[in-house]
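Read in order, the letters of the sequence shown correspond to residues -23 to -1, 1 to 265 in mature numbering (1 follows the signal peptide of the UniProt record, and there is no 0).
The structure under discussion appears below in the form of structure tokens.
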Amino acid sequence: MKMLYSLGATAVALTMAAAPAHAIDVGPADYTIVPSGTVVGMIYYQHLSSDRLEIDGNDVPGSTFEADIAILRGLYYTELGGLPAVWHLVMPFSNIGDVDIGTLPQDTTSGIGDTTVGLTLWPVQPDNPETGTTLGLSLFATAPTGHYDPTSIGIGEGTWSITPQVGLIQGLGNGFYFDAALDVAFSMDHTKDGVDYERAPSWQLQTMLRKQWGPTSVTFGYSGQRGGAQKVNGVETGLKTHRDQLRLYGTHWIDQTTQIQGMYAKDINVEGGFEYDNVVQLRLVKVF
């Protein structure tokens, strides 16, 4: 605990900054190949809450966190080099609520977060999606467009990050599908007000078992994140990206162009950050 409090608010403020930009989350069937020329718009709402902060194997008593996140996401499906492709644009917005570290209230920063652009190509395409294999390769770049203040808890990173990702859909027959994604995030070291900030690469594995009944599906999923150890002026803060999370999705197509999805998630193991006891997400999809 001595390390955490000796670094003060600067180190603590990095806790939330790690979560959004380092996680390229994938939902059920997100790696489905869609006809060229299709445009998809998505709106996400997510609520996160926590009453536990873990640093270097120790709980920090009296710590709480609450936030509401909105995300605008646009997709444009096309072809590149004879392969199906999709361009991504993701813009998050946050409203950070009350945050306490060891019973001490923390300064917070709300508003627009860092913008991510990306491209996915599908070198492996199934003849029959119900039993075949879909494999996509993605590359995401996140720009520091959000407000960044290292003494305040927010979702701005203050630096660029690059995240390659591999996505898989395996049809299992009888309406069952296995969805998975693996990515690694690389962040550039940066300096703010004469202070040097570093973050080691972090990786995330997401797996999902999905059951489809016509326009409706139910999915049980897991997300595991590792790495991302943070340093301030070369000194480790005890903060990192180490999280195991269970997820439950319900998805329904209202008509051929409108989809709604709900997700409930809960962390089961966290090291070096807040453990989320409740994550509730709603998503609206519109196909143009």
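For every residue, glycine included, the Cβ atom is placed at its ideal position computed from N, Cα and C.
For the beta strand (DSSP E) holding residue i, just list the boundary residues, first then last.
i, result
"residue 105", "Unbroken run through residue 105: none, as it is neither H nor E."
"residue 5", "Looking at the DSSP string, residue 5 is not in any beta strand (DSSP E), and its letter there is neither H nor E."
"residue 45", "42 to 57"
"residue 240", "235 to 248"
"residue 137", "Careful: residue 137 lies outside any beta strand (DSSP E) and carries neither H nor E."
"residue 207", "207 to 209"
"residue 227", "219 to 232"
"residue 68", "60 to 73"
"residue 199", "193 to 204"
"residue 32", "16 to 32"
Is the beta carbon of residue i within less than 7 Å of some heavy atom of the ligand NAD?
i, result
"residue 210", "The model depicted lacks the ligand NAD and carries no ligand whatsoever."
With a cut-off of 8 Å on the beta carbons, I'd call residue i and residue j a contact; round off their distance for me.
i, j, result
"residue 131", "residue 85", "6 Å"
"residue 196", "residue 147", "Not a contact, Cβ separation roughly 14 Å."
"residue 187", "residue 205", "Going by Cβ atoms, the distance from residue 187 to residue 205 rounds to 28 Å, so no, they are not a contact pair."
"residue 219", "residue 249", "5 Å"
"residue 100", "residue 112", "6 Å"
If you drop the 5 nearest sequence neighbours on each side, which residues of the same chain put their C-beta closer than 6 Å to that of residue i?
i, result
"residue 53", "16, 64"
"residue 4", "none"
"residue 139", "118, 163"
"residue 55", "13, 62"
"residue 108", "148, 150"
Is it buried or exposed, residue i, if we count other Cβ atoms within 10 angstroms and call 16 or more buried?
i, result
"residue 233", "exposed"
"residue 235", "exposed"
"residue 252", "buried"
"residue 263", "exposed"
"residue 22", "exposed"
"residue 95", "buried"
"residue 20", "exposed"
"residue 215", "buried"
For residue i, which residues in the same chain have their Cβ closer than 7 Å to its Cβ, ignoring the five residues on either side in sequence?
i, result
"residue 90", "-4, 69, 70, 71, 123, 132, 133"
"residue 59", "none"
"residue 194", "5, 187, 188, 228"
Less than 8 Å between C-beta atoms, sequence neighbours within five positions excluded: which residues of the same chain meet that for residue i?
i, result
"residue 82", "75, 76"
"residue 237", "228, 229, 231, 259, 260, 261, 262"
Stretch pair the region 207 to 214 + the region 232 to 246: three plus CB contacts closer than 8 Å: no
Three-pair Cβ contact test at 8 Å for the region 22 to 42 versus the region 75 to 88: yes
Per the contact definition of three or more C-beta pairs closer than 8 Å, is the region 154 to 164 in contact with the region 180 to 189? yes
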